[in-house]
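Report on one structure; see the data block that follows.
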Amino acid sequence: MFQKLFTPRVLSILSSIFPIAVVVLLVLAALFVKPVVSVPHLNPLPIHPRDAFYTGTANAQGSVWMAGRDGKVIFSEKNLSNWQIQELPLSSNWQSIEAFAESSLIAVGNAAAVAVTNDLGKTWKSIKLPEDLGLGAIKLIQVKHHANYGLWILGEFGTILRSSDGGQSWKRMNIKSDVAWNDIAFSDKGISIVGEFGRALYSSDQGSTWKPVKTPITSSLMALAIQASGSGYAVGLEGKVLKTSDGGQSWQNSESITKSHLFAVTQFNDDFYIAGDQGFIAKKDSAKIWKLLSEKSGDLSWKTDFIKADDQLVVVGGRPLVLKEEKIQFLNSNRKESTQ
Numbered sequence: 020m021f022q023k024l025f026t027p028r029v030l031s032i033l034s035s036i037f038p039i040a041v042v043v044l045l046v047l048a049a050l051f052v053k054p055v056v057s058v059p060h061l062n063p064l065p066i067h068p069r070d071a072f073y074t075g076t077a078n079a080q081g082s083v084w085m086a087g088r089d090g091k092v093i094f095s096e097k098n099l100s101n102w103q104i105q106e107l108p109l110s111s112n113w114q115s116i117e118a119f120a121e122s123s124l125i126a127v128g129n130a131a132a133v134a135v136t137n138d139l140g141k142t143w144k145s146i147k148l149p150e151d152l153g154l155g156a157i158k159l160i161q162v163k164h165h166a167n168y169g170l171w172i173l174g175e176f177g178t179i180l181r182s183s184d185g186g187q188s189w190k191r192m193n194i195k196s197d198v199a200w201n202d203i204a205f206s207d208k209g210i211s212i213v214g215e216f217g218r219a220l221y222s223s224d225q226g227s228t229w230k231p232v233k234t235p236i237t238s239s240l241m242a243l244a245i246q247a248s249g250s251g252y253a254v255g256l257e258g259k260v261l262k263t264s265d266g267g268q269s270w271q272n273s274e275s276i277t278k279s280h281l282f283a284v285t286q287f288n289d290d291f292y293i294a295g296d297q298g299f300i301a302k303k304d305s306a307k308i309w310k311l312l313s314e315k316s317g318d319l320s321w322k323t324d325f326i327k328a329d330d331q332l333v334v335v336g337g338r339p340l341v342l343k344e345e346k347i348q349f350l351n352s353n354r355k356e357s358t359q
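Be aware that the sequence shown starts at 20, since it is given in this note's numbering, and climbs by one per residue.
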């Protein structure tokens, strides 16, 4: 029976229309069948290998914040073991973040971006600096707070701003100039500022007037740390290290142990620490000799800031880490990973 039904002629016809039927069915499936793809929601990691953190701060309770590229800000309690991402109203590259008062923080960055919080970062709001300051869309590089001097912001084109009301209003403390100021430090002797091309300023009257200070270098100075007594260091590009004993009224060359660019310096307990490019970290203790701490870490990422959090010193950068008793522990999202 089937032989009679499927004659060679019928089989030939069926074979010729079969490809067409398949194509028609596929077209109908594309038009009327709606596939459903279920993609699980993945929360971004607070600390990811591709992150670029530029800056950090800690409050009096030991809680820590780090901020950097693409508006990312993360937070952890003092144990540094449970990092959380905080949402900010801007996606600016944050250049500096500073804790002040009991629960307040301020962050500054590219395109004159400023954000503040008064609840430990649970909610942030954007602050637009007054147009009469003449800032435009410049990069704001540094924000620092001191109990006796208030809040200060530094930036490109000679920008030096001061707020005495917790960041609600700002006053320009100098005239515009073709220099970027990178860091500011306070001591019992006054205020010191350093910036591009080895330039430095000093004020003994809370910034009402500034005295240009000649330094022995032309490389840009990136950071400084000065004790209340006036002794301290400034560091910069090409491994430059300067020292002062008078609060920044004068600067002298100091020995260095690297040609790598240096971006950060701080005093922690009784010692000074410096950090920079290619994972470089060194310490100067009571022996007054720089001791390299990063030699065995295998880390070549840049380091740009220090955070003093209780008995721990956090080093901010391409791969953030903790220094404790000269031991390096790299940070990840939920724990400290010991490597040295």
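Think of the CB as a built atom: it goes at the ideal place given N, C-alpha and C, for glycine as much as any other residue.
Decide if residue i is buried, meaning its Cβ has at least 16 other Cβ atoms within 10 Å, or exposed.
i           : result
residue 303 : buried
residue 202 : buried
residue 128 : buried
residue 305 : exposed
residue 153 : exposed
residue 106 : exposed
residue 74  : buried
residue 163 : buried
residue 222 : buried
residue 126 : buried
residue 272 : exposed
residue 280 : buried
residue 65  : buried
residue 149 : exposed
residue 131 : buried
residue 63  : exposed
residue 184 : exposed
residue 6   : Past the edges of the chain, shown from 20 to 359, lies residue 6, and the structure says nothing about it.
residue 111 : buried
residue 339 : buried
residue 155 : exposed
residue 79  : exposed
residue 7   : The structure shown has nothing for residue 7, since the chain only spans 20 to 359.
residue 313 : buried
residue 91  : buried
residue 161 : buried
residue 344 : exposed
residue 357 : Residue confidence for residue 357 is low, a pLDDT of 43 falling below 50, so the modelled location carries little weight; the figure read from the coordinates is stated next. So residue 357 counts as exposed.
residue 296 : buried
Give the secondary structure of residue i by DSSP, where H, G and I count as helix, E and B as strand, and everything else as coil.
i           : result
residue 216 : helix
residue 246 : coil
residue 132 : coil
residue 345 : coil
residue 202 : strand
residue 161 : strand
residue 350 : strand
residue 251 : strand
residue 181 : strand
residue 295 : strand
residue 276 : coil
residue 319 : coil
residue 256 : helix
residue 38  : helix
residue 309 : strand
residue 63  : coil
residue 362 : Given a span of 20 to 359 for the chain in the structure shown, any question on residue 362 remains unanswerable.
residue 236 : coil
residue 241 : strand
residue 226 : coil
residue 75  : strand
residue 328 : strand
residue 186 : coil
residue 194 : coil
residue 339 : coil
residue 283 : strand
residue 155 : coil
residue 231 : strand
residue 289 : coil
residue 268 : coil
residue 262 : strand
residue 208 : coil
Under the assumption that residue i contacts residue j (Cβ atoms under 8 Å), give the Cβ distance between them as a whole number of angstroms.
i           : j           : result
residue 208 : residue 249 : 5 Å
residue 333 : residue 293 : Not quite, the Cβ-Cβ distance comes to about 15 Å (not below 8 Å), so this is no contact.
residue 174 : residue 159 : 4 Å
residue 85  : residue 341 : That belief does not hold up - the Cβ atoms of residue 85 and residue 341 are roughly 12 Å apart, past 8 Å.
residue 76  : residue 116 : 5 Å
residue 71  : residue 337 : 6 Å
Do we get a CB-CB distance below 7 Å when we pair residue i with the residues of chain B?
i           : result
residue 330 : Annotation note: the requested chain B is absent from the structure, which comprises a single protein chain.
Count the CB pairs spanning the stretch 180-190 and the stretch 241-251 that are closer than 8 Å, and state whether there are at least three.
no
Within the chosen definition, does the stretch 282-297 reach the stretch 325-338 through at least 3 CB pairs nearer than 8 Å?
yes
My parser needs the beta strand (DSSP E) runs of 3 or more residues fully inside the stretch 79-152; what are they?
83-87, 92-95, 103-105, 113-119, 123-128 and 133-136
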